[in-house]
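To start, the structure under review is shown below, and the notes come after it.
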Ligand SMILES: [Fe+2]
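Numbering (the working numbering), first residue to last: 1289 to 1904.
Put into structure tokens, the structure is as follows:
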């Protein structure tokens, strides 16, 4: 029995296909259309999922959409009426779209599915947005029973929920309702500090360790009122999202010393301190919610999803505080992962199929659920481009790439199935030597064209994790932040707060400077041979060569673009940046004459022009 899950029309459209309860394919639409966070109906992702699952006769058993559009429309109407007559501009913008498109969603989905070649999609289900998030967190988890916490911007009405889950059942126990939303509070600060809402939240989190919590008490006292159980009420006088097209109000500006930072304007002390302060408040709320979920459900394990579950600093705190024995976070914790949750809710909760959790393996298969390209197709593409390349045997591959990394080369890795969710985990990654003092600035400025303050994440051999980091369990999806071990750190020199942000970012703080953040933390990916055998072999070969079990891993894309999907995307990204080598399946391409040339004599366009275009 096959169920198609769909999330779309708001943010990060995606589709997945589960067959007898097992996820066989999942992908985000942006990877195919090359439009970052594409929100349109995911035709390409659906076609891919159907092909991967071998659905050729145009028939499915069921389709699950990740929210209830009518309920969401009610919330939007009620919100407008509650603030009328202000809010007329956003009302005029949103409501016609709803009346023409979004509330007629069932016939629209049927028509769109027909365009994807599905004549008989089966029954269409509409579980709620947070039930989809909760299901995406629990059903693929290794736990037989767990507390489930979902936190995001907003679904229909809910902005956070607590559920108890057992076997194939999820029971919603509590919810926090719009407009009181931790996701929207974080997004308001994302907007105010000059980053893009719904994509810049990660940057705000990365900026936080540069600042001090000088606004923490002001946020706590003025903007919201946090209860013991982690629920809270926002003072809506400070926010714009009820009655205008911006996140924050004039009163917010007055409280935090003037208008928002303009995108691309210099980052000042104020932005760093705001980032740190809102991060502190976020962690306090998440910890209180997690403690309350523990008490309310009596469960010893926690599952997390919703956009706020991508705040890996807060996740790391939950673990360190020891509230639960263990936690599992849906790797596609944002709305893309809602497609998996919706489909699984139908399979387990609606259809009552049994669920078996073995306590160790999870159902996301390392998040390697996207398209894969056979070697002969890659070879055909490279030959058509007239490239010179080397074909590496399976034995040669890992030591050759490991040597390139040890020689401080920046290498694009393209292999196997594409990752589902926002993180690249070794199959669509750019990798480099974490020991190199220049690696962070080279990768930020010449490869990714992104802000120099942002740290890179390490991939570490799972068995060597404790040699470098203060963590006692794997982090396969790069969703936990942990401190570097004391003995790995270099002591701080002088008062850093006086330095410019990029000088602080580039200061060498450990033997692994490229992945050590200013507060000595790192956003970890642990790698074992079961989930990604080939990537594991690369790390192992690097360790054998250098004695270091860690490399830098960043997603294979440039700023503002989705992660690469096809060999063509990877090749184009390689040619447009100062990347030194590209490993495309078994084929290796090197820019032999340094940046600016490639083996076949092709010249990439100027990196300067890319840098100036790199807005997001
Ligand atoms: Fe959501």
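Every residue gets a Cβ at the ideal spot worked out from N, C-alpha and C, and that includes glycine.
| query | result |
| --- | --- |
| For residue 1804, the three-state DSSP class (helix, strand or coil) | coil |
| Whole-Å CB distance - residue 1647 paired with residue 1820, under 8 Å assumed | So it is not a contact: roughly 21 Å between Cβ atoms. |
| N-terminal and C-terminal residue of the alpha helix (DSSP H) that residue 1834 is part of | 1821-1834 |
| CA nearest to the CA of residue 1330, picked from 1345, 1602, 1624, 1591 | 1624 |
| Residue burial classification, residue 1318 (beta-carbon count within 10 angstroms, cutoff 16) | buried |
| Where residue 1905 falls: helix, strand or coil (DSSP) | The chain is shown from 1289 up to 1904; residue 1905 falls before or after that span and cannot be answered. |
| As assigned by DSSP and simplified to three states, the class of residue 1550 | coil |
| Sub-8 Å separation of residue 1315 and residue 1302 beta-carbons | yes |
| Between the CA atoms of residue 1813 and residue 1825 - distance to the nearest angstrom | 15 Å |
| beta-carbon residue 1325 near ligand 1 non-hydrogen atom, thresh 7 Å | no |
| Residues near residue 1261 in its chain [Cβ-Cβ closer than 6 Å; skip 5 each side] | What is shown of the chain runs 1289 to 1904, which leaves residue 1261 out entirely. |
| Per-residue burial, residue 1618 [other beta carbons within 10 Å of its own, 16 or more giving buried] | buried |
| Cβ-heavy atom distance, residue 1417 to ligand 1, below 7 Å | yes |
| Enclosing beta strand (DSSP E) for residue 1459 [first to last residue] | 1457-1465 |
| For review: beta carbons within less than 7 Å of any heavy atom in ligand 1 | 1417, 1421, 1440, 1441, 1443, 1594, 1595, 1622, 1623, 1626 |
| Residue 1903 classed as buried or exposed, judged by whether at least 16 other C-beta atoms fall within 10 angstroms | Since pLDDT at residue 1903 reaches only 29, below the 50 mark, its modelled position is unreliable, and no value is offered. |
| Residue 1453 beta carbon less than 8 Å from that of residue 1461 | no |
| Pairwise C-alpha distance: residue 1716 and residue 1829 | 19 Å |
| Three-way DSSP call (helix, strand, coil) for residue 1777 in this model | strand |
| Delimiting residues of the alpha helix (DSSP H) encompassing residue 1729 | 1727-1730 |
| Check whether residue 1735 and residue 1867 have beta carbons under 8 Å apart | yes |
| Own chain partners of residue 1723 with C-beta closer than 7 Å, once the 5 adjacent residues on each side are dropped | 1799, 1800, 1836 |
| Rounded straight-line distance, which links the Cα of residue 1745 to that of residue 1766 | 8 Å |
| Length of the line joining the Cα atoms of residue 1652 and residue 1638 | 21 Å |
| Closest by C-alpha distance to residue 1689, when choosing among 1842, 1335, 1870, 1310 | 1870 |
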